[in-house]
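This report concerns only the one structure given below.
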Amino acid sequence: MGLYGLLYVYERLTWTTKAKERAFKRQFVDYASGSSSSSSATPAPTAATKSSSESEFITPVSVLRELAGMFAQLCQQVDVTRQNLEDEINDMNQKIEQLDSLQSKAKLLRNKAGWLDSELNMFIQQYLQQSK
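Its first residue numbered 1, the sequence shown is counted upward by one per residue in UniProt numbering.
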C-alpha cells in the first residue's frame with residue numbers, strides 16, 4: 001500500500017500543466033502524422049530531432065495548416081451532406097404531393113360510393129320493396 005501511495009504522489013506532483021501540454025502536443029503529432037497525407041505539415045518527432053522542448057515539433061504554422069485542411073474537409077462534407085438532405089427533402093415533398101393527390105381522389109371516390117349506396121337504397125325501397 002505504501003508503494004502505491006508513493007507512486008500516486010509522484011504521478012500527482014509530476015502531472016503539471018506543462019506535462020499535460022507536452023502530452024497533448026505528443027498526441028497531436030501522433031494524430032497529425034497518422035492522418036495527414038503530407039508528412040511535411042507536422043513532422044513526427046524522431047530521436048535525432050527530439051530535445052527537451054517539444055514545441056519545435058509543432059509550429060503554429062503547421063498547426064494552422066493542419067486545422068485549415070481539416071476545416072476545408074469538414075466544409076466539403078457539410079456541403080455534400082446538405083445537398084443530400086436537400087435532395088431527400090425534395091423527394092419527400094414530391095411523395096407528399098402524390099399522397100395528397102391520392103388522398104383527395106380517395107375521398108372523392110368514397111363520396112361517390114356513399115352517393116351510389118344511398119341511390120341504390122332508395123331504388124330498392126322505391127321499386128323492389130313495393131312489389132312484395
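Don't be surprised by glycine CBs; every beta carbon is placed ideally from N, CA and C.
These figures come from a predicted structure and were not determined experimentally.
Cutoff 8 Å; reference residue i; Cβ partners in own chain excluding five residues on either side
i	result
GLU97	none
TRP99	Per the sequence shown, the amino acid found at residue 99 is Leu instead of Trp. Closer than 8 Å at Cβ, skipping near neighbours: no residue.
DSSP state of residue i mapped onto helix, strand, coil
i	result
GLN129	coil
TRP115	helix
MET1	coil
LEU17	Note on residue identity: the sequence assigns Thr, not Leu, to residue 17. Reduced to three states, the DSSP call for THR17 is helix.
THR81	helix
Selected residue, minimal CA-CA separation from residue i, among the options
i	options	result
VAL29	SER62, GLY114 and GLU119	SER62
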